[in-house]
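In UniProt numbering, the protein residues as written are 1 to 257.
To keep things clear, I will list the structure first and then write my remarks on it.
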């Protein structure tokens with residue numbers, strides 16, 4: 001794992017006039033496969049402003065208290081989705097979660113855990129390969145064997161709107177790892193993969209709808225969904241995931257009719 005180097009300053013945001021610093025107790029579920037038989041909690045106390053991001057808080061722990069803490073992060077702007085974790089019992093992106101979202105007063109404790117349903121490699125880092133295997137299984141690429149037109153392949157505004165929400169997925173796994181069906185049945189393809197399938201199933205230019213609907217109709221596919229809405233609540237991009245899953249279910253039924 002690439003080393004993440006701390007900044008040359010304290011790592012904290014410059015104090016804003018009139019904004020009080022909060023003492024935050026960060027309770028992190030730690031696990032090192034080289035030394036630990038099972039996961040355990042460790043608590044760290046840092047100072048933060050209400051407008052700081054939880055990623056900044058976790059960086060304080062790693063950079064200035066315990067450099068052995070392992071986590072993933074990349075863009076730090078809610079685009080790459082790499083810093084998905086369980087914060088205060090809910091799947092979130094650490095870079096989009098503000099301290100004031102989870103801390104009400106100075107001295108409060110915030111719990112931080114790895115996302116569930118995937119093997120923990122170390123601390124907050126999980127093995128994402130099973131997640132991406134499900135993603136690859138739905139053929140997440142444009143398929144059209146007809147001769148390319150002289151210009152771009154045109155869609156109407158209505159056709160483009162049909163897949164607008166599913167095109168916003170950043171593959172952070174917040175939805176899939178919040179799903180109770182995925183927790184007990186890792187073979188379930190999961191909400192994120194269904195959303196990605198939706199993006200191509202309802203793309204009027206794509207020619208592989210039939211194949212993708214057949215994948216969705218398998219026993220690991222869309223019918224595993226029990227409409228718990230956890231996925232929709234967990235999505236950091238506000239994608240109406242449960243609605244999109246229902247649309248794919250209807251498309252499967254229509255194909256069978």
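Even glycine gets a Cβ: it sits at the ideal position worked out from N, Cα and C.
Residue i versus the options, residue with shortest Cα-Cα distance
i	options	result
residue 249	238, 232, 26 and 214	214
residue 84	132, 61 and 112	112
residue 191	208, 173, 153 and 64	173
residue 184	56, 49 and 118	118
residue 179	27, 245, 98 and 79	245
residue 91	59, 124, 104 and 69	124
residue 87	188, 254 and 29	29
residue 107	70, 153, 27 and 186	27
residue 159	52, 153, 177 and 204	204
residue 52	94, 42 and 40	94
residue 44	38, 210, 61 and 32	61
residue 146	256, 32, 208 and 78	208
residue 181	48, 241, 35 and 220	220
residue 78	103, 40, 171 and 140	171
residue 187	99, 202 and 222	222
residue 157	139, 202 and 140	202
residue 24	72, 63, 110 and 122	110
residue 122	128, 31 and 253	31
Start and end residues, beta strand (DSSP E) containing residue i
i	result
residue 30	22-30
residue 249	Where residue 249 is concerned, there is no enclosing beta strand (DSSP E), although the alpha helix (DSSP H) it sits in stretches over 241-256.
residue 122	120-122
Per-residue burial, residue i [other beta carbons within 10 Å of its own, 16 or more giving buried]
i	result
residue 1	In this predicted model, residue 1 has a pLDDT of only 43, less than 50, meaning its place in the structure is not dependable; the value taken from the coordinates is given anyway. By the neighbour-count rule (16 or more Cβ atoms within 10 Å), residue 1 is not buried but exposed.
residue 243	exposed
residue 114	buried
residue 75	exposed
residue 142	exposed
residue 148	exposed
residue 230	buried
residue 59	buried
residue 232	buried
residue 81	buried
residue 239	buried
residue 97	buried
residue 153	exposed
residue 226	exposed
residue 161	exposed
residue 65	exposed
residue 253	exposed
Opening and closing residue of the alpha helix (DSSP H) in which residue i lies
i	result
residue 218	Run containing residue 218: none; DSSP gives neither H nor E here.
residue 231	230-234
Near the ligand MG: residue i beta-carbon under 8 Å from a heavy atom
i	result
residue 89	In the structure on display, the ligand MG does not appear, and there are no ligands present to speak of.
Residue ranges of each alpha helix (DSSP H) run of no fewer than 4 residues wholly in the region 129-166, ordered along the chain? 129-137 and 157-162
In chain order, what are the residue ranges of uninterrupted beta strand (DSSP E) at least 3 long that sit wholly in the UniProt domain "2Fe-2S ferredoxin-type" (24-116)? 40-48, 84-87, 90-93 and 109-113
What are the start and end residues of each continuous alpha helix (DSSP H) run of 4 or more residues lying completely inside the region 161-198, in chain order? Every alpha helix (DSSP H) stretch that sits fully inside the region 161-198 and reaches 4 residues is listed by chain position as 180-184.
Mind the definition here: the region 196-205 touches the region 158-174 only if three or more C-beta pairs lie below 8 Å; say whether that holds. yes
Any contact between the region 50-59 and the region 125-139? By contact I mean 3 or more CB pairs, one from each, below 8 Å. no
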